[in-house]
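Here the structure is laid out as structure tokens; the discussion comes afterwards.
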Amino acid sequence: MGKNVLCIMHKIKAIKTAWLAGLFMFCFPVQGVQSCEQNQLDKAYQEILYFYFQQDFYEALTRFEILNQKCPSSLEKVSNTGVDPLLLKGGISLAYGLEEQAADIFNQLLSQVADDKTQTQAWFLLGKALFQKQQYSQAQATLSKISLDSAQEYLSDYDKDQWIYLQSQLASLQSQVDPEQGLNTQYWLSELSDDSIFRQYVLYNQGLAQLQQGQYNQSVQTLEQLATQQTSFFNDLLQGWWSPLQQIDQTEQDALRDRANLTIGYAHLKNQQALKALEAFNRVRLDSLDTDSAILGYGWAAAQREEYQTALSAWQRLQKVPRSNEYVMESYLASAYAFEQAFAPTQAVDNLQRGLNRFARESQFLRASLNTINDDFFTQLAVNEDWSEEIPAHLSAVMLSKEFRNQMAWLSQSLDLSKQLAAWQSRLDTFSLMLDEREQVTLARAEELKQNDLLGRLAELTATRDALQQQLEQSKKSPQILANEQELEWQTRLERALANHQNIVTKRAELDQKPLNPKYQQRLKRLQGVMVWNAADNLASRSWQAQKVLNDVNLAITKTTAQQGILVTRLNEPPKYQSQRQRIAQLQNELNAKRDANIAVQRMQLDELNSLFASKLNQQLAQLDNYKLQAQLAIVRLNDKAFRKAQADEQGAQR
Amino acid sequence: MTFVRSFFIFSLLFVATFSVAQDASNENNSDAKPESIAKQLQQLRKDVVALNRDLFVLEEDLLFPSSTQVVVYLSMDVGTYFKLDSVELKMGGEVVTQYLYTDRQIDALYRGGVQRLYIGNLPQGDHQLNAFFVGKGPEDREYKRATTFTFSKGADAKALELTINDSTAKQQPEFAVVEL
Numbered sequence: 028m029g030k031n032v033l034c035i036m037h038k039i040k041a042i043k044t045a046w047l048a049g050l051f052m053f054c055f056p057v058q059g060v061q062s063c064e065q066n067q068l069d070k071a072y073q074e075i076l077y078f079y080f081q082q083d084f085y086e087a088l089t090r091f092e093i094l095n096q097k098c099p100s101s102l103e104k105v106s107n108t109g110v111d112p113l114l115l116k117g118g119i120s121l122a123y124g125l126e127e128q129a130a131d132i133f134n135q136l137l138s139q140v141a142d143d144k145t146q147t148q149a150w151f152l153l154g155k156a157l158f159q160k161q162q163y164s165q166a167q168a169t170l171s172k173i174s175l176d177s178a179q180e181y182l183s184d185y186d187k188d189q190w191i192y193l194q195s196q197l198a199s200l201q202s203q204v205d206p207e208q209g210l211n212t213q214y215w216l217s218e219l220s221d222d223s224i225f226r227q228y229v230l231y232n233q234g235l236a237q238l239q240q241g242q243y244n245q246s247v248q249t250l251e252q253l254a255t256q257q258t259s260f261f262n263d264l265l266q267g268w269w270s271p272l273q274q275i276d277q278t279e280q281d282a283l284r285d286r287a288n289l290t291i292g293y294a295h296l297k298n299q300q301a302l303k304a305l306e307a308f309n310r311v312r313l314d315s316l317d318t319d320s321a322i323l324g325y326g327w328a329a330a331q332r333e334e335y336q337t338a339l340s341a342w343q344r345l346q347k348v349p350r351s352n353e354y355v356m357e358s359y360l361a362s363a364y365a366f367e368q369a370f371a372p373t374q375a376v377d378n379l380q381r382g383l384n385r386f387a388r389e390s391q392f393l394r395a396s397l398n399t400i401n402d403d404f405f406t407q408l409a410v411n412e413d414w415s416e417e418i419p420a421h422l423s424a425v426m427l428s429k430e431f432r433n434q435m436a437w438l439s440q441s442l443d444l445s446k447q448l449a450a451w452q453s454r455l456d457t458f459s460l461m462l463d464e465r466e467q468v469t470l471a472r473a474e475e476l477k478q479n480d481l482l483g484r485l486a487e488l489t490a491t492r493d494a495l496q497q498q499l500e501q502s503k504k505s506p507q508i509l510a511n512e513q514e515l516e517w518q519t520r521l522e523r524a525l526a527n528h529q530n531i532v533t534k535r536a537e538l539d540q541k542p543l544n545p546k547y548q549q550r551l552k553r554l555q556g557v558m559v560w561n562a563a564d565n566l567a568s569r570s571w572q573a574q575k576v577l578n579d580v581n582l583a584i585t586k587t588t589a590q591q592g593i594l595v596t597r598l599n600e601p602p603k604y605q606s607q608r609q610r611i612a613q614l615q616n617e618l619n620a621k622r623d624a625n626i627a628v629q630r631m632q633l634d635e636l637n638s639l640f641a642s643k644l645n646q647q648l649a650q651l652d653n654y655k656l657q658a659q660l661a662i663v664r665l666n667d668k669a670f671r672k673a674q675a676d677e678q679g680a681q682r
Numbered sequence: 131m132t133f134v135r136s137f138f139i140f141s142l143l144f145v146a147t148f149s150v151a152q153d154a155s156n157e158n159n160s161d162a163k164p165e166s167i168a169k170q171l172q173q174l175r176k177d178v179v180a181l182n183r184d185l186f187v188l189e190e191d192l193l194f195p196s197s198t199q200v201v202v203y204l205s206m207d208v209g210t211y212f213k214l215d216s217v218e219l220k221m222g223g224e225v226v227t228q229y230l231y232t233d234r235q236i237d238a239l240y241r242g243g244v245q246r247l248y249i250g251n252l253p254q255g256d257h258q259l260n261a262f263f264v265g266k267g268p269e270d271r272e273y274k275r276a277t278t279f280t281f282s283k284g285a286d287a288k289a290l291e292l293t294i295n296d297s298t299a300k301q302q303p304e305f306a307v308v309e310l
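Here the protein sequences come in this chain order: A and B. Just add 27 to wherever you are in the first sequence, counting from 1, and you've got the working numbering. Just add 130 to wherever you are in the second sequence, counting from 1, and you've got the working numbering.
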């Protein structure tokens, strides 16, 4: 019996463990605990840096928002940040194009007590944000709060140069509004780094301002500083082995140099300095954005020197260009002028006729585009990152304008948002399906659990426990109940011996033999007495141990009963995925709202694009009509001149 | 025809001088009308970032509940002795992720960024992680190293970090796993 007690106790323990484990497994997944331990905070911030350094500003901002939501007001606790995390967030917002948010962050930073470094950087970035928002007077007020010493100490070289450049730009704007305020560019130039790209922009703007003020010589002198710099040809020759990044700067420098040479060329042309103009135009590269304009100017400079063959050669080269822009169109009229000056009126008329054909062809293309280009054209174009390379040649002048490129950039951003929202829509659908599936699995498990005998076993075990408790009570009267295994074995052997003795006594009586010697029975009784004595002797400690185990079992059964109660309640309830479903539904609503807003913005953008496109095309058509009119007038005039000349010749011959 | 010539010169000069790459006065006029679209788009982009945050959090809560969540980060030292090409991660002998790095990602790691290499689910108990690093070692030689780590997953989310450090004493890179 004692053996049975121990075995049952082991079983109860095993069942209790399995039961509790089962309960835990059955529990619903708990939502993430919002803990903000230092290392987690640091890791989250370093993850932001990982995206920021890859210039993935969207991901970086999203991670910032997640960090803010999980650990509000804990950015200042991030360790080893280098720069103020809030400043970084502002900078990322600015880079991502959220100027308003960036400005708010910088204002917030500046309203707090910040160290000099943070303050300087915040002023700079805020000024930049305001400049990008075209709030120029505020930008000027903000940027002027930074002293030159602070800029040198706390801003990187590039940022410092940009700070100076922005201020020179703002001063330039101010001088346009109020010409009495002279533009002191020399100051800015003296503070800029020698190799800064911003130095070249400042120089260019200075040259331009001088030209606008009629300071021809000074302007040319200023622009020449840009125009005669080393070209990228030499850098290409050296294969840029010193720095791959320098090639990017070089492209910008080359473009600026071309623009400076073009400006110098036309300034010389205007001032009758044809030879100098030729030299300047000649310095513009043949694959530049300013090439067509330079070739046209080159022709005019040659014509000014009465080198009509050279002028014609330049303009005829321009006429072969497939692009459609004002320089190409005007080259037809200019060629006619050169032919006329070279006493070749017939060729002049022929050339004008070719021009008329080209104008008609271009007009036809443009009118066809007006009728055929629609929303799909723009949206398909905007999804392509290199859309400017995809546009038809006859639309290049219209579609490469700054306004148009801005609109296309916004459309492209809006299409990106559509793509992101569509991707999330699909994921939300998946989440809903996943919850459905989880719900079904939970129900199936609950059903399975109800059908197996696990729930009934607790009652069995409780009954067994009660029986054991009863036996324990009885052990006070019969201490052998708590005998150990050795004693149980002895007990068994003694019982077997008693049975054998009784059997022998009975058989001997049946056979009328002499009864057994009573000492056998006495020995057996003595052994029985010894065993009872031993059991009684060990009763106290055994009883205590058994009661202790039974108490543990009682406790386990009580806990398990409570857990079973919870489980049974849950089994009888439908699975609770309500909160998750609500979150999904809420996000679904937000997603729909954003999608609708995006569609509305996209519609406005497309309307703007269509309207801009139509307006630009109409302008170009009007310009083509103007060229056409000029060409027709020139033909009439040339024909008239030829007629009069023929008449004069005839009259002369008659005389 | 002379009127044509003078007209061209002046008009072209106007075009050449006023179409400056960074002339802000131009922007002021041309962007005045569509500013409302730009602002609306800006607000929308801001809202989408917030929405993206909520969706990410929801996704993490649904797919990787903290009771089973395991996250593995990767961080790098300056990389004097090792230039990382790829990492393979195994959990309990099964490949859970393989990652090939671009130069830009490597640069982000050098500069202090940390990559969340893996997020997944594991039951409570002991688990073994094996990470294999492939790249260029000292003297630009092919370099492949592995590291093993045994960890215990409890009821809370578990975060581990693979670190690649330069050992100046050994002139070798060192690969380690840290429990966060």
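The C-beta atom is built at its ideal place from N, Cα and C for all residues, glycine as well.
Please check the pair I291/A and A301/A, which I expect to be a contact at CB under 8 angstroms, by giving their CB distance rounded to whole angstroms.
If you number the first sequence from 1, residue 291/A lands on position 264. If you number the first sequence from 1, residue 301/A lands on position 274. The pair is not a contact, with the Cβ atoms about 13 angstroms apart (cut-off 8 angstroms).
Here's the rule: buried if 16 or more other CB atoms are within 10 angstroms of the residue's CB, otherwise exposed. What is W150/A?
Translated into the one-based positions of the first sequence, residue 150/A becomes position 123. It is buried - the Cβ of W150/A has at least 16 other Cβ atoms within 10 Å.
Quick one: what does DSSP say P349/A is sitting in, helix, strand or coil?
Within the first sequence, numbered from 1, the residue matching residue 349/A stands at position 322. Three-state DSSP puts P349/A in coil, outside helix and strand.
Using only alpha-carbon positions, find the residue among G242/B, A168/B, D256/B, F212/B that is nearest to A296/B.
The sequence position of residue 296/B within the second sequence is 166, counting from 1. The amino acid at residue 296/B is misidentified as Ala; the sequence shows Asp. Nearest option by C-alpha distance: F212/B.
Would a C-beta distance cut-off of 8 angstroms place W147/A and S120/A closer than the cut-off?
Start at 1 with the first residue of the first sequence, and residue 147/A comes out as number 120. Start at 1 with the first residue of the first sequence, and residue 120/A comes out as number 93. According to the sequence provided, residue 147/A is Thr. The question's Trp does not apply to it. Not in contact: T147/A and S120/A (Cβ atoms no closer than 8 angstroms).
Which class does D215/B belong to by DSSP, given the choice of helix, strand or coil?
Residue numbering aside, residue 215/B sits at position 85 when the second sequence is read from its first letter. DSSP places D215/B in strand when its eight states are reduced to three.
May I ask which residues mark the beginning and end of the beta strand (DSSP E) holding E309/B?
Your numbering for residue 309/B matches position 179 in the second sequence. First-last of the beta strand (DSSP E) with E309/B: 302-309.
Using 8 angstroms as the threshold, is the segment 344-351 of chain A in touch with the segment 605-621 of chain A, meaning 3 or more CB pairs across them?
No: the two stretches stay apart, fewer than three of their Cβ pairs being nearer than 8 angstroms.
Would D296/B count as contacting chain A if we go by Cβ distances under 8 angstroms?
Translated into positions along the second sequence, residue 296/B becomes position 166. It does not; no Cβ of chain A falls within 8 angstroms.
Along the chain, where does the beta strand (DSSP E) that runs through A276/B open and close?
One-based indexing of the second sequence puts residue 276/B at position 146. Residues 272-283.
Are three or more beta carbon pairs between the segment 540-555 of chain A and the segment 511-527 of chain A nearer than 8 angstroms?
yes
For chain B, is any of its Cβ atoms less than 8 angstroms away from the one on S415/A?
Counting from 1 along the first sequence, the entry for residue 415/A is found at position 388. Answer no: the Cβ-Cβ gap between S415/A and chain B never drops below 8 angstroms.
Could you spell out the range, first to last residue, of the beta strand (DSSP E) harbouring H257/B?
Residue 257/B sits at position 127 when you count from the first residue of the second sequence. Note, H257/B: beta strand (DSSP E), 255-266.
Express the C-alpha separation of I662/A and E357/A in angstroms, rounding to a whole number.
Within the first sequence, residue 357/A is the residue found at index 330, counting from 1. Within the first sequence, residue 662/A is the residue found at index 635, counting from 1. Rounded to the nearest angstrom, the two C-alpha atoms are 15 angstroms apart.
If you reduce the DSSP assignment to three classes, tell me which class G679/A lands in.
For the purposes of this step, residue 679/A is identified with residue 652 of the first sequence, where counting begins at 1. Reduced to three states, the DSSP call for G679/A is helix.
L137/A versus L113/A, A328/A, M461/A, residue with shortest Cα-Cα distance
Indexing the first sequence from 1 puts residue 137/A at position 110. Residue L113/A is the option with its Cα nearest to L137/A.
Collapsed DSSP secondary structure at T200/B in the structure displayed:
On the second sequence, residue 200/B is found 70 positions in, with the first residue counted as 1. First, the residue type needs correcting, since residue 200/B is Val and not Thr in the sequence shown. Strand at V200/B.
Can you confirm whether Y315/B, when its beta carbon is compared against all beta carbons of chain A, has any partner nearer than 8 angstroms?
With chain B covering 131 to 310 only, the question about residue 315/B has no answer from this structure.
With DSSP collapsed to three states, give me the class of Q245/B.
As a position in the second sequence, residue 245/B is number 115, starting the count at 1. Three-state result, Q245/B: strand.
Members of the segment 628-646 of chain A near chain B, C-beta cut-off 7 angstroms:
V628, M631, Q632, E635
Measuring CA to CA, which of G382/A, A304/A, T318/A, L153/A is closest to T169/A?
Taking the first residue of the first sequence as 1, we reach residue 169/A at position 142. Of the listed residues, the one whose Cα sits closest to T169/A is L153/A.
Counting pairs of beta carbons, one from the segment 235-247 of chain B and one from the segment 208-227 of chain B, are three or more of them closer than 8 angstroms?
yes
Cutoff 8 angstroms: K213/B Cβ touching any chain A Cβ
For the purposes of this step, residue 213/B is identified with residue 83 of the second sequence, where counting begins at 1. It does not; no Cβ of chain A falls within 8 angstroms.
Quick check: D286/B and S166/B, are their CB atoms within less than 8 angstroms of each other?
For the purposes of this step, residue 286/B is taken as residue 156 along the second sequence, with counting starting at 1. For the purposes of this step, residue 166/B is taken as residue 36 along the second sequence, with counting starting at 1. No, the Cβ-Cβ distance between D286/B and S166/B is not below 8 angstroms.
Going by Cα to Cα distance, which pick from L422/A, V110/A, S505/A is closest to N561/A?
Working through the first sequence from its first residue, we reach residue 561/A at position 534. It is S505/A.
Looking only at its own chain, which residues have a Cβ that is under 7 angstroms from the Cβ of A369/A, when we skip the five neighbours before and after it?
Against the first sequence, residue 369/A aligns to sequence position 342. Once the five neighbours on either side are set aside, the close Cβ partners of A369/A are Y335.
Quick one: give me the first and last residue of the alpha helix (DSSP H) that Q228/B is part of.
Looking up residue 228/B in the second sequence gives position 98. Here Q228/B belongs to no alpha helix (DSSP H); instead the beta strand (DSSP E) covers 224-230.
Under 8 angstroms, CB to CB, which of the residues in the segment 229-256 of chain B have a partner in chain A?
R234, Q235, D237, A238, L239, R241, G242, G243, V244, Q245, R246
Under the rule that 16 or more other beta-carbon atoms within 10 Å means buried, what is G324/A, buried or exposed?
Residue 324/A sits at position 297 when you count from the first residue of the first sequence. The residue is buried, with at least 16 neighbouring Cβ atoms inside 10 Å.
Going by other Cβ atoms of all chains shown within 10 Å of its Cβ, with 16 needed for buried, is K541/A buried or exposed?
Against the first sequence, residue 541/A aligns to sequence position 514. K541/A is exposed by the Cβ-count criterion.
List the whole-angstrom C-beta distance separating L509/A from R569/A, where the pair is believed to meet the contact cut-off of C-beta under 8 angstroms.
The residue given as residue 509/A occupies position 482 in the first sequence. The residue given as residue 569/A occupies position 542 in the first sequence. About 4 angstroms separates the two Cβ atoms, so the contact holds.
Could you give the residue range of the alpha helix (DSSP H) that holds K446/A?
Counting from 1 along the first sequence, the entry for residue 446/A is found at position 419. Segment 429-478, the alpha helix (DSSP H) holding K446/A.
In three-state DSSP terms, what is E291/B?
Along the second sequence, one-based indexing puts residue 291/B at 161. If DSSP states are grouped into helix, strand and coil, E291/B belongs with the strands.
For the candidate residues Y214/A, D402/A, D188/A, whose alpha-carbon lies nearest to that of N637/A?
The residue you call residue 637/A lines up with position 610 of the first sequence. Per the Cα distances, D402/A.
Q235/B: first and last residue of the uninterrupted alpha helix (DSSP H) it sits in
As a first step, residue 235/B must be located in the second sequence, where it is residue number 105. Element bounds for Q235/B: 233-240.
Note down the Cα distance separating I593/A from Q497/A, rounded to an integer number of angstroms.
What you label residue 593/A is simply residue 566 of the first sequence in a count that begins at 1. What you label residue 497/A is simply residue 470 of the first sequence in a count that begins at 1. CA-CA distance, I593/A to Q497/A, rounds to 30 angstroms.
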